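So the protein lines, in turn, are chains A and B. Start counting the first sequence at -19; every next residue gets the next number (the numbering used here). Start counting the second sequence at -19; every next residue gets the next number (the numbering used here). Heads up, the beta-carbon is just placed ideally off N, CA and C, and yes, glycines get one too. Since the structure is predicted, the reported quantities are computational estimates derived from the model, not experimental observations. First the structure, in the form of C-alpha cells, and then the observations on it.
There are 2 protein chains.
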Amino acid sequence: MSNTLFGGIEAGGTKFICAVAHQPPELINTTVIETTTPQETLAKVCDFFFPYVEEGSLQSIGLASFGPIDIDVRSPTYGYITSTPKPNWQNTNILGLLKQSLGLPFAFHHDVSGSAIGESRWGAARGKDPSLYLTIGTGIGGGYIINGKPLSGLTILEMGHIHIPHQWEIDPFEGICPYHRDCFEGLASGYAIEHRLGQRGETLPDDHPFWEIEAEHIAHALVNYIFTLSPRKIVVGGGVMQRSFLFQMVRNKVRALINNYLQFDILLGKMEEYIVPPQLGKYSGVLGAIAMAMDISSTSSKIEASQSFVS
Amino acid sequence: MSNTLFGGIEAGGTKFICAVAHQPPELINTTVIETTTPQETLAKVCDFFFPYVEEGSLQSIGLASFGPIDIDVRSPTYGYITSTPKPNWQNTNILGLLKQSLGLPFAFHHDVSGSAIGESRWGAARGKDPSLYLTIGTGIGGGYIINGKPLSGLTILEMGHIHIPHQWEIDPFEGICPYHRDCFEGLASGYAIEHRLGQRGETLPDDHPFWEIEAEHIAHALVNYIFTLSPRKIVVGGGVMQRSFLFQMVRNKVRALINNYLQFDILLGKMEEYIVPPQLGKYSGVLGAIAMAMDISSTSSKIEASQSFVS
C-alpha cells in the first residue's frame, strides 16, 4: 500500500461519498454513507478514514460539502454548514468536527466546487481553464475554475439564482424559488419541473413539448455565463441533464442567442466540444475533493521546503 | 526627474489619454490626443513618450484599448483591434506598431479592464478583491478583477450583452443591440436611451418616469453579476451614471431582488458602500494602464533576478 494517500469527502444532503486515493489519482477505497444526523454520519466518515490515519499514510483530506456553508477563513463560523433547511444540520461545524477527530490538514469548499475541480483536473474540462461546471438537478448550482481553483468572492457562487428572460406567453409557470420566484433555478430545476408538470422529469417522454422550454431556459443562462465568465469549457451535469438529447437542443439555442457576436470556432462550429456532459460520473465531487487535498498538501510541502531553505 | 517611470495609454474611440507616472503612482505628464487615423494618432502617442524613452527613464507601457481586440497571446492577431465598426481601425496592429516604434515592454488589455484595474488598485475598489467595474455609457461593458488581474478566458468579458428579464408591459421598447436586440446593453445603454426617447439621457429631468425603468434594468444585471461573480465591491461608471440619483435607486432595487437570499451586512444594510461610483474620474483607465505597466516591469525584474540567481 502506497504511503502517500489523500482523502476526499463529498458531503451531500442524502449521502456522503468518501474515498482514499494515491496519485495520479487512483481510488484505492471508497464508501457511501447515508446522511442521517451529524453525529452518526460524521462518526462513520471517521471510521472510514481512521485506518489510514493510524498507519500514517493519509496526508490530507478535501471536504466538498452541501450548503449553505461559510468559506470565509476570517469568519467565526468558517467551516460550518449554516442556514440549511435540512433537519439537524443547521449550524454544524462539519469542518471543525472532522478535523478534530482525524487530526489532519483539511481543504474545504462547496460540493458543486468539488465537482467543478474534479472535472477540471481529471474530467471533461481537463486542460481548459477557466471552465464552468453547472449542475441541473433538484436545484441548480455552478462552480467556476480559474487557475485550477474555484472562484469565490464575497461568498460562493450562487449562479442558479440569476434572472433570465421569462416569456410568459410560452411558459406561464410562475416559478418556485422561495426567494426569487422565476429565477433560473425557480424555472428550470428538477424541483421546478415536478411542480409545473405534476410529474418528475424522468417520466416525461423525449418528445414532450416542455423540453423545448427547458432547453431555452438553460441556453439563456449559459449565454449569460459565457458573456460574464468567458469559460473555455462548460460541463453540465445533474439529474435533469441525464436526458442527453437536451445537450444538442441547448447547444443550438446557445448558438442562436450568441448570434455570431463572438467569432470563435468553438462557438460557431464545434459547440459539441464546448458544452459537454461530465466524464467522472458519480465520482466528480469526491475526486475534486481529493484534488483539493493534494493541493494543500503540496502547498504545505512547499512552505516546509522554503522554511527549511531559510533555516 | 525620477529615473523609474511607467507609461499608460487609454486608447478610446474618440480620444487617447496618455500619461507618464512614477510610483506610488504620481502622474507627472498627461496628454489627450484625438482619435483620427491610426497613423496620425499613434504618431502623436509616440511623440508624447519619445523624450522619456530617450532619457532611459521609461520602463514599460500599459495599453488599454477600445475593442474588439485580440488578447490571446497565441493568436497571430494578438494585439490587434479587430472587427471594430470604427473607420480606418479595422485590423490595426495597435500593440505591434507602438511596441516597434517605442521599443519597450508593453502590457495589453481592454479599455474597460484598464478602468477596472485602476479603480481596483487605487480607486473605489481598493482593498476589495475580487471587484467588478461596470461602465454604462454609449455602450455597456464590464471588467472583473481577481487577484489584481482582469478576468479573461475564451475572450474578454462581454457582460453588457447578458439577457435580463424584459417586462414588456412596463417597458415596450424592443431594444437596439444589433446582435441581441433586448440584451442589457440593447435596453439600457446611453445609445438605447437616446433611441427609445428621441433625446439624450442628459436632457431628461430627474423625475422622468423612465429612470425607474433604467434603474430596474441595471439592478437586474447587477444581481446576475453578484450571483455569478460574487464581487466584494461594484464600481459603476460611464456617462449614464453621471445621474447620481440612479445609485440609490439601483441599490434599493438590488436589495429587493436579492430578497435576503445572501445574508451579508454589505448587502443587507451597507449597500451604499457596495455599489459605488468610480473615484479616479477621467484617469481610471490610464491609471489602470500604468498599473499594468508596473506589473509587467516587476515581473520582468523578478525573472531577471531569478535568472541571475541561477547563472
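Listed by chain order, chain A residues near residue i by CB distance under 7 Å
i	result
B/V234	Under the 7 Å cutoff, chain A gives no residues; its nearest Cβ is about 12 Å from B/V234.
B/I51	Result: empty, since nearest Cβ-Cβ is about 11 Å, beyond 7 Å.
B/P298	Any answer about residue 298 of chain B is impossible in this case: the structure gives chain B only from -19 up to 291.
B/H292	Outside the modelled stretch of chain B, which goes from -19 to 291, sits residue 292 of chain B, for which no answer is possible.
Cβ separation of residue i and residue j, assumed to be a contact under 8 Å, to the nearest whole Å
i	j	result
A/F225	A/D186	6 Å
A/Q259	A/G103	4 Å
A/I41	A/I(-11)	6 Å
B/G261	B/D91	The Cβ separation is near 15 Å, so there is no contact.
B/K250	B/K108	That belief does not hold up - the Cβ atoms of B/K250 and B/K108 are roughly 13 Å apart, past 8 Å.
A/S100	A/I125	4 Å
A/I156	A/H175	5 Å
B/G217	B/T115	5 Å
A/G(-13)	A/V0	5 Å
A/I144	B/H143	6 Å
A/V220	A/G117	6 Å
Residues that DSSP places opposite residue i in a beta bridge
i	result
A/Y124	A/L112
A/G59	Answer by DSSP bridge pairing: none, since A/G59 is not bridged.
A/C(-2)	A/I(-11) and A/T11
A/V292	Outside the displayed range of chain A (-19 to 291) lies residue 292 of chain A, so it cannot be described from this structure.
B/A104	Looking at the DSSP assignment, B/A104 forms no beta bridge with any residue, so it has no partner.
A/G42	A/G(-12) and A/A87
B/I49	B/I61
B/T72	B/I61
B/E332	Residue 332 of chain B cannot be examined here, being either before or after the span of chain B that is shown, -19 to 291.
Where residue i meets chain B, residues with beta-carbon distance less than 7 Å
i	result
A/G133	P110, L209, S210, P211 and R212
A/V216	What A/V216 touches in chain B: nothing, since even the nearest Cβ is about 16 Å away.
A/V220	The premise fails here: A/V220 is roughly 19 Å from chain B at the closest Cβ pair, so nothing lies under 7 Å.
Coarse secondary structure for residue i, derived from DSSP in three states
i	result
A/Q19	helix
A/T11	strand
B/C157	strand
B/K129	strand
B/I246	helix
B/T135	coil
A/F289	Since pLDDT at A/F289 reaches only 35, below the 50 mark, its modelled position is unreliable, and no value is offered.
A/E99	helix
A/G119	coil
B/Y241	coil
A/K66	coil
A/S264	helix
A/H175	helix
B/M(-19)	With a pLDDT of only 47 at B/M(-19), under 50, the local geometry of the prediction cannot be trusted, and no value is derived from it.
A/P31	helix
A/R235	helix
B/G36	coil
A/D275	helix
A/C26	helix
A/I142	coil
B/E284	For B/E284, the pLDDT reaches just 39, beneath the cut-off of 50, and the residue's location in the model is therefore unreliable, although a value from the coordinates is still provided. Helix.
A/Q147	coil
B/H197	helix
A/S93	helix
B/S81	helix
A/L184	coil
Cross-chain neighbours of residue i in chain B, by beta carbon under 9 Å
i	result
A/E138	I206, F207, T208, S210, Y241 and L242
A/Y159	I238, N239, N240 and Y241
Residue i: contacting residues in chain A (beta-carbon distance under 9 Å)
i	result
B/H188	What B/H188 touches in chain A: nothing, since even the nearest Cβ is about 25 Å away.
Residue i: contacting residues in chain A (beta-carbon distance under 8 Å)
i	result
B/Y60	In chain order: nothing, as chain A lies at least about 13 Å away.
Residue-chain proximity (residue i, chain D), Cβ-Cβ < 8 Å
i	result
A/V203	Of the protein chains in this structure, namely A and B, none is chain D.
Any non-hydrogen atom of the ligand MG closer than 7 Å to residue i Cβ
i	result
B/P211	The ligand MG is not part of the structure shown, which contains no ligands of any sort.
- prompt: Counting Cβ pairs closer than 8 Å, one from the region 206 to 216 of chain A and one from the region 150 to 169 of chain A, do we hit at least three?
  reply: Under the 8 Å Cβ criterion, the region 206 to 216 of chain A does not count as touching the region 150 to 169 of chain A, having fewer than three qualifying pairs.
query: Is the number of C-beta pairs between the region 82 to 89 of chain A and the region 265 to 278 of chain A that are closer than 8 Å three or more?
result: Short answer: they touch.
query: Would you call the region 19 to 32 of chain A and the region 73 to 84 of chain A in contact, with 3 or more CB pairs under 8 Å?
result: Segments in contact, yes.
- request: Would you check if the region 246 to 254 of chain A and the region -7 to 11 of chain B touch, i.e. whether three or more CB-CB distances between them fall below 8 Å?
  value: Taking a cut-off of 8 Å for Cβ pairs, the region -7 to 11 of chain B and the region 246 to 254 of chain A do not touch, as fewer than three such pairs fall below it.
- prompt: Is there contact here, the region 122 to 139 of chain A with the region 44 to 58 of chain A, by at least three beta-carbon pairs under 8 Å?
  reply: By the criterion of at least three beta-carbon pairs nearer than 8 Å, the region 122 to 139 of chain A is in contact with the region 44 to 58 of chain A.
message: Measuring CB atoms only, is the region 189 to 201 of chain A touching the region 227 to 239 of chain A, in the sense that at least three cross pairs come out at less than 8 Å?
response: Counting Cβ pairs under 8 Å, three or more are found: they touch.
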